[in-house]
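Using numbering that gives the first Met the number 0, count along the sequence shown one by one with no gaps and you end on 286. Backbone N, C-alpha and C define an ideal beta-carbon position, used for all residues, glycine too. To start, the structure itself, in structure tokens.
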Amino acid sequence: MRPDLNIDLLRSFNAVAETRHFTRAAEQLNCAQSAVSMQVKRLEAIVGVQLFERSKRIVKLTEEGEIFRRYANRMLCLNDLTLAAFGRNALQGRVRFSATDTSMCFLPAILSRFAQSCPLVELEIRCERSWEALDSLQAGETDLALVTQPCGRKGGQLVKREALVWAVAQGASVEELDPLPLAIFGPGCIYRKAALAALDDCGRRWRHAYNSESRDGLNVAVAAGLAVTVVPVSALTPNLRVLGPDEGFPPLPEIEILLFEASSEAALPVATFARTIEETLADNPAR
């Protein structure tokens, strides 16, 4: 018979993964350290892989352990949601979430999915640059941040890779101008850095035609046929045309979209929304 995963074993595993310490995990779970060690060993026997690297000074997840943790978090969230659905009250609370312009194109699918399972949870959403979102997170003003740059911060989880492309308005021929007019974010943006480096490397002359702190501000200039811009493929709209090697445009690198959480011991609504983000982006691979 195929073995089943026990929720208690998953909670012990998760506690050790969060604290990186068997004794602290036992204190968190209000049980003996030996019991936690035994439960982790039982779990490793069930899945057939080593989940932790152990020494006298350090406990860390193996590569397989990192993968298993994502599944364990989903199972624990689903367990808690199921119990909440059949309890006296559905899951309630508030999630304070910050996202970049890039991340905003995924929000309709994320919010729709989350509303189906947690219709009573209040969402407070901000649109900020990556460093602003991470500053808000560090200041305790938000619970989650979905960003495109780690900005020197550690702890973010990679949830999606996305290709960048050159884009211009349908019907426009502004890409033929020399120097090339650009509608692009200001200094500090990885789009800008990648775009200018690619143009310089291929010897294409360019000029800053339009600069904005928001994607909407850039889109106005691009939609008017006045400039070329750089967007992730998921942010492409029907009124945009992609420019590639045939038009003399160099390839651009992929960007990484990262999810940062304020606390590894987040409240259930926050943890559930985080898992919803991961699952939604995993179900929508980059084009």
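For a quick check, are the C-beta atoms of P249 and C188 less than 8 angstroms apart?
The count along the sequence shown starts at 1 and reaches residue 249 at position 250. The count along the sequence shown starts at 1 and reaches residue 188 at position 189. Remark: C-beta atoms of P249 and C188 do not approach each other more closely than 8 angstroms.
Touching or not, the stretch 122-140 and the stretch 239-248, by the rule of three or more beta carbon pairs under 8 angstroms?
no
Cβ atoms of S36 and F21: under 8 angstroms apart, would you say?
For this step, residue 21 is matched to residue 22 along the sequence shown. For this step, residue 36 is matched to residue 37 along the sequence shown. Closer than 8 angstroms, so yes.
Enumerate, from N- to C-terminal direction, the unbroken alpha helix (DSSP H) stretches of 4 or more residues contained entirely within the stretch 82-119.
100-103 and 106-116
Using a Cβ-Cβ cutoff of less than 6 angstroms, which residues in the same chain neighbour E123 once the five nearest sequence positions on both sides are dropped?
Position 124 of the sequence shown, counted from the first residue, corresponds to residue 123. These residues qualify, in order along the chain: R95.
May I ask which residues mark the beginning and end of the alpha helix (DSSP H) holding R274?
Walking along the sequence shown from the start, residue 274 turns up at place 275. First-last of the alpha helix (DSSP H) with R274: L267 to A281.
Any contact between the stretch 219-226 and the stretch 130-143? By contact I mean 3 or more CB pairs, one from each, below 8 angstroms.
Taking a cut-off of 8 angstroms for Cβ pairs, the stretch 219-226 and the stretch 130-143 do not touch, as fewer than three such pairs fall below it.
Starting from the C-beta of G139, find all residues in its chain whose C-beta is less than 8 angstroms away, skip the five residues before and the five after it, and write them out in chain order.
Within the sequence shown, residue 139 is the residue found at index 140, counting from 1. Closer than 8 angstroms at Cβ, skipping near neighbours: A261.
Under the three-state DSSP convention, the category L287 falls into:
In this structure the chain extends from 0 to 286, so residue 287 is not present and cannot be described.
Name the two residues that bound the continuous alpha helix (DSSP H) containing L136.
In the sequence shown, the residue the question calls residue 136 occupies position 137. S129 to Q137 is the extent of the alpha helix (DSSP H) around L136.
For V146 and G216, I'd like the C-alpha separation in whole angstroms.
Counting from one through the sequence shown, the residue named residue 146 turns up at place 147. Counting from one through the sequence shown, the residue named residue 216 turns up at place 217. Spanning the two alpha carbons is a distance of roughly 19 angstroms.
What first and last residue would you give for the beta strand (DSSP E) that runs through Q156?
Working through the sequence shown from its first residue, we reach residue 156 at position 157. Per DSSP, Q156 belongs to the beta strand (DSSP E) from Q156 to A168.
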